[in-house]
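Numbering (our numbering), first residue to last: 737 to 1306.
C-beta atoms are modelled at their ideal positions from N, C-alpha and C, and glycine is treated no differently.
Model, not experiment: these values are computed from the prediction.
Working notes, structure below.
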Amino acid sequence: MPHRPTSAAAVVATLATLGLVGPGAGVQVQAQRAPNPADATVFIRTIGVRQTRSADLRQSETREADVQLATGSGFVVSPLGYVVTNHHVVAANTEALMVNGVAVEVTRTPSRIEVVFPTGLPNRLGPTPVLEATIHAADEALDLAVLQIGGADFPYLALGDSEAVAAGDAVTALGFPFGRMVEVVRQGLSDVVPRVSVSRGDISALRADVAGETRYLQTSATLNPGNSGGPMLDADGFVVGVVRMVLTRGRNIGFGIPVSAVKTYLRTAGLEQLMPTRPLAPGPAETLPDQRLSLPMPLGFVRTAVGSHLHYQAGTLGVELRTDRVVSPWTVEQLQSALVTQRIFEPFAGRPSQLDASLGTASQTIAWAAGRHTDTNAETGMVYAVQDLGSEWVVARYVGPIESLAYNKRMLIDSLAALRADPLRTAPIDAPLSGTEWVATPLPAPGAPQVTLPVGRELELDEPWACAGLPRPRMTLAASPPGDFTVQLRFAWWLSGVDAAGAAAACATAGRGELPSSYAAAADRLGMRYEAEGLFFDLGANGVIQVELAAPAATMPFARSLLDGWTDPR
């Protein structure tokens, strides 16, 4: 749906950049995702030769060189200057028209493509930089083209996942409808650059092809000639479609090519590895007997934690999978709030946006949240599931750089939708423990001392409650009785920098024990009252070790024997 001027000289147009790295592979760039999508939305015009001849050959043929053939829209998707647009915007074409009552045939042959940044690039190319582009790749059937412009450090738009959108989702279309025609005051000047137009609407429908694949995204956003090749953004600013056409006889009925088709094209064209964001590869279902849990997770995830907290990492992409088992009287809505806005599970503060309700089940809620890491302020995304097992909850989430999460959203949703779990808390402690056997076990860190642990306990890399003023320990470990992860005997070790008596004073929020280095604490967590009792032991040259028992308040009288029976292995 390019802009065609009203005269016979008009042509279809619009082109945009897509995130690739071609000749500049390996170049270090500083640009990031554009904070304002308009900064990465570009005006495109094609210039070349227009030939006009009468259809009945009684009129002489005219040939005009170096004329503007068409204008359109585009968007940068790579810091190194790659742009995605519609193929028809930059391709040569022949069209039959009526001019002054005479049937003519107009052939347009582009010889130059210009990409214009209407807002300018600060400290770079002036207020309205005009850059010449070359066609890096094009596919007529898909109506997609990838352009390349010279330079680096371009702000770009990151690709989202059109397979995760649904009818009713909000979208925003950016572009240059009608090209320069709407700039009435300055019309006629060859250097006029129109302002970016922003149109908001929603996804009206997902139009499928004969194979059942989504071929077009139908939108209620107002689109006009000249919008072709511009981006369609989701509520978080990620590209989910490329504007292609509008039905001229339908009111506010526009269509876009889903970004999933763009990704597939890039892969088949050998360009996927040049994108700023990498795709995750789907993996088989994995069963974790010790977790009583199974789910298919992407390839490359490595397990880094055990126990009621499961933690996987995916290499350089920075995406992590974490699951927690929790016991709480809270509702699913309260647990979602704790996960997304209260920083209880993650150093994350964001805004939830419920996904299609059909994704989950009566006992499972799946949603997406965008926000920031509260320690680093980095943009962070999260796809999460909260599953009700009756006696406990599973809180599972993929979390990481927001561009990676948005790009791979559908795969991560499907992974969590396939999560299957059985309760871990199968034997809640409701009577005093007796007959506990102990075994000396070295803490899993170089130079760390041994600790005595109950035989047969479930181990995980958890840690005692944080105490004001204490540095991070070098090593932590926790042990739970089989069948009740709410009870934990926790350990922390410092080689230096911690005084036992002073540390106990820092941890004591609910009184002190009989020994100078002992303490008691209490806190509410997820709607339940928990208590903790602990001691700090000075190991001399081997540092200081902390031993803490934590349990629900109602369970603590039965679990206290674990701490009473603990002995220093020295």
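- The beta carbons of residue 1172 and residue 1016 sit about 44 Å from each other, so the pair does not count as a contact at 8 Å.
- Annotated three-state conformation of residue 1011 is coil, per DSSP.
- Sequence-distant Cβ neighbours of residue 772 in its own chain, meaning closer than 6 Å and more than five residues away, do not exist here.
- In the DSSP assignment, residue 1109 forms a beta bridge with 1084.
- Taking a C-beta distance under 9 Å as the contact criterion, residue 1286 and residue 1200 qualify as a contact pair.
- Residue pairing for residue 1210: DSSP places it in no beta bridge.
- CA-to-CA, the gap between residue 1203 and residue 1074 works out to about 21 Å.
- With 16 or more other Cβ atoms from the protein chains shown falling within 10 Å of its own Cβ, residue 1140 counts as buried.
- Put simply, of 1242, 1263, 1110 the residue whose alpha carbon is nearest the alpha carbon of residue 1257 is 1242.
- Going by C-alpha positions, residue 1055 is about 54 Å away from residue 833.
- Shown here, residue 816 sits in coil according to DSSP, grouped into three states, outside any helix or strand.
- Contact between residue 1280 and residue 1270 fails: their C-beta atoms lie close to 12 Å from each other, not under 8 Å.
- In this structure, the CA atom of residue 835 is about 13 Å from the CA atom of residue 798.
- Residue pairing of residue 933 in beta bridges, as defined by DSSP: 911.
- Per DSSP, the unbroken alpha helix (DSSP H) holding residue 1294 starts and ends at 1292 to 1295.
- Judged by DSSP in its simplified three-state form, residue 1073 adopts helix.
- Following the DSSP letters along the chain, one finds residue 901 in no alpha helix (DSSP H), marked with neither H nor E.
- In this structure, residue 1254 sits away from residue 1274, with a CB-CB distance that is not shorter than 9 Å.
- In terms of Cβ geometry, residue 936 and residue 994 do not form a close pair [threshold 9 Å].
- Counting only the Cα atoms, residue 901 lies some 10 Å from residue 938.
- Per DSSP, the unbroken beta strand (DSSP E) holding residue 834 starts and ends at 829 to 835.
- Each residue's CA atom was taken as its position, placing residue 847 and residue 1005 some 24 Å apart.
- In terms of Cβ geometry, residue 811 and residue 929 do not form a close pair [threshold 9 Å].
- Assignment of residue 969 by DSSP, reduced to helix, strand and coil, places it in the strand class.
- Residue environment for residue 977: buried (at least 16 other C-beta atoms within 10 angstroms of its C-beta).
- In this structure, residue 1176 lies away from residue 1197, with their beta-carbon atoms at least 9 Å apart.
- Residue 1114 has its alpha-carbon roughly 9 Å from the corresponding atom of residue 1136.
- In this structure, residue 963 and residue 909 form a Cβ contact; the two beta carbons are roughly 6 Å apart against a cut-off of 8 Å.
- Nearest C-alpha to residue 1216 among 883, 788, 1165: 1165.
- By the Cβ criterion, the segment 1100 to 1108 is in contact with the segment 1118 to 1138, since at least three pairs of Cβ atoms, one from each stretch, lie closer than 8 Å.
- If you look at residue 1150, you'll find it in the alpha helix (DSSP H) that goes 1145 to 1153.
- Here residue 1163 is near residue 1220, since their CB atoms are less than 9 Å apart.
- If you draw a 10 Å sphere on the C-beta of residue 1027, you find 16 or more other C-beta atoms in it, and that means buried.
- Under the rule that a run must span 3 or more residues, the beta strand (DSSP E) segments found entirely inside the segment 1131 to 1207 read 1174 to 1178, 1186 to 1190, 1194 to 1196.
- Scanning its chain for C-beta atoms nearer than 7 Å, with the 5 sequence neighbours on each side dropped, one finds around residue 1206 the residues 1234, 1239, 1242, in chain order.
- Each of 1089, 1210, 870, 1277 was checked against the Cα of residue 904, and the nearest Cα belongs to 1089.
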